[in-house]
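If you read the sequence shown in my numbering, its first letter stands for residue 508, the second for the next number, and so on.
Everything on this sheet refers to the single structure shown next.
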Amino acid sequence: GSLPKKSSKSFPDLKTSLNKMVHDELDQRIDPRFRQTHNTEVEVRIEEEDAAEGILSCVEENAADILLLGQKSGEDRKAVYGGKVAAQAPCDIIFVPETHSSSARKVLCAIDFSAQSKAAFDRALYLSENKGSSVICHFIQDKTKAYFPASTQKSADRSQSRAGKKYREFIESFQRDPDNFPCRIETTDELTSEAEKIYQAAEDESAELIIIGAAGNTGTETSLLGNISESLRRMQKELPVLVVKHHEGKKFFQQLFG
Numbered sequence: 508g509s510l511p512k513k514s515s516k517s518f519p520d521l522k523t524s525l526n527k528m529v530h531d532e533l534d535q536r537i538d539p540r541f542r543q544t545h546n547t548e549v550e551v552r553i554e555e556e557d558a559a560e561g562i563l564s565c566v567e568e569n570a571a572d573i574l575l576l577g578q579k580s581g582e583d584r585k586a587v588y589g590g591k592v593a594a595q596a597p598c599d600i601i602f603v604p605e606t607h608s609s610s611a612r613k614v615l616c617a618i619d620f621s622a623q624s625k626a627a628f629d630r631a632l633y634l635s636e637n638k639g640s641s642v643i644c645h646f647i648q649d650k651t652k653a654y655f656p657a658s659t660q661k662s663a664d665r666s667q668s669r670a671g672k673k674y675r676e677f678i679e680s681f682q683r684d685p686d687n688f689p690c691r692i693e694t695t696d697e698l699t700s701e702a703e704k705i706y707q708a709a710e711d712e713s714a715e716l717i718i719i720g721a722a723g724n725t726g727t728e729t730s731l732l733g734n735i736s737e738s739l740r741r742m743q744k745e746l747p748v749l750v751v752k753h754h755e756g757k758k759f760f761q762q763l764f765g
């Protein structure tokens, strides 16, 4: 005999049973971490087909401040809906790889001195002053604004000096001492993408979390930060990445790392 077609109603309870199994397993994992310890309201939804729409609807319905999105690695990573969610979700997003550390003892914050960077550094500053996290900043070089690339050591030194001065002014705008927040400023190596530089810097510094601001639509390349944050999302990685979109929505972030 032939197997029933996909649309067959030969097993009307199969879908319901599978959904219940998934629901119950998620419930068991969530309960001890949220309901029992934080008295958190938890709702489990099971989406089929286009999960991105379901996630975005849930974010909108609950006016979410932050979205945690898991990312598989290797051949299991299909990246089916992450781009759509990253582009359209209005809140902060943390992309969490399977092999992540649950702590944020050391944080790398990517900055370009923009308003979006200020929002990102604000998150890093909270972790530093409330959780004792060590913060390293990484200067993002906007090559599109460099009329003359740093082709000589002398011009590279000048670029570094200008960036260093801007960095001190940036940190001082938070009424903080720049010497307490070291910054990596690299104005050479034109062949490596900024996203790759940021991730490599995070690995070199043994950081456990990367924080970057987002500007505009992060699913497109209409802005430098949008391009970099999208590139970081696509990368195979072992470090979680926090993309700061909701500049004022820091309340849940504080609870998450509280």
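Glycine included, every Cβ here is placed at the ideal spot set by N, Cα and C.
These numbers come from a predicted model, not from an experiment.
Buried or exposed (CB count within 10 angstroms, at least 16 for buried), residue i
i, result
"Gln743", "exposed"
"Leu525", "exposed"
"Leu575", "exposed"
"Ser610", "exposed"
"Thr737", "Note on identity: in this sequence residue 737 is Glu, with Thr being the wrong assignment. Burial call: buried."
"Phe688", "buried"
"Ser640", "buried"
"Ser666", "buried"
Any non-hydrogen atom of the ligand GTP closer than 7 Å to residue i Cβ
i, result
"Ser609", "Absence of the ligand GTP from the depicted structure is noted, as is the absence of any ligand whatsoever, leaving it without description."
Proximal residues to residue i (C-beta, below 7 Å), its chain only, five neighbours per side dropped
i, result
"Pro685", "Tyr674, Arg675, Ile678 and Glu679"
"Cys565", "Arg552"
"Arg669", "none"
"Ser700", "Ser738"
"Glu636", "none"
Contact under 8 Å by Cβ, residue i with residue j
i, j, result
"His645", "Ile705", "yes"
"Val751", "Ala627", "yes"
"Glu712", "Ile643", "yes"
"Leu746", "Ile719", "no"
"Val551", "Asp534", "yes"
"Ala708", "Arg691", "yes"
"Leu739", "Ala702", "yes"
"Asp599", "Leu749", "yes"
Which listed residue (the options) has its alpha carbon closest to that of residue i
i, options, result
"Gln578", "Ala558, Ile553 and Pro604", "Pro604"
"Ile647", "Arg630, Gly639 and Asn734", "Asn734"
"Arg612", "Tyr633, Asp619, Glu737 and Ile562", "Tyr633"
"Ala721", "Ile618, Ser700, Ser640 and Phe681", "Ile618"
"Glu555", "Glu548, Thr523 and Arg536", "Thr523"
"Phe681", "Val549, Lys661 and Asp629", "Asp629"
Beta-carbon contacts of residue i that lie in its chain and below 8 Å, excluding the five residues immediately before and after
i, result
"Ser514", "Confidence at Ser514 is low in this model, with a pLDDT of 47, below 50, so the placement of that residue is unreliable and no value is reported for it."
"Gly671", "Cys690 and Ile692"
"Val529", "Ile553"
"Tyr588", "Asp557, Ala558, Ala559 and Ile562"
Own chain partners of residue i with C-beta closer than 6 Å, once the 5 adjacent residues on each side are dropped
i, result
"Ala631", "Val614, Cys616, Val642 and Ile718"
"Lys591", "Ala559"
**Message:** Count Cβ pairs between the stretch 616-625 and the stretch 590-598 that sit closer than 8 Å; are there 3 or more?
**Reply:** no
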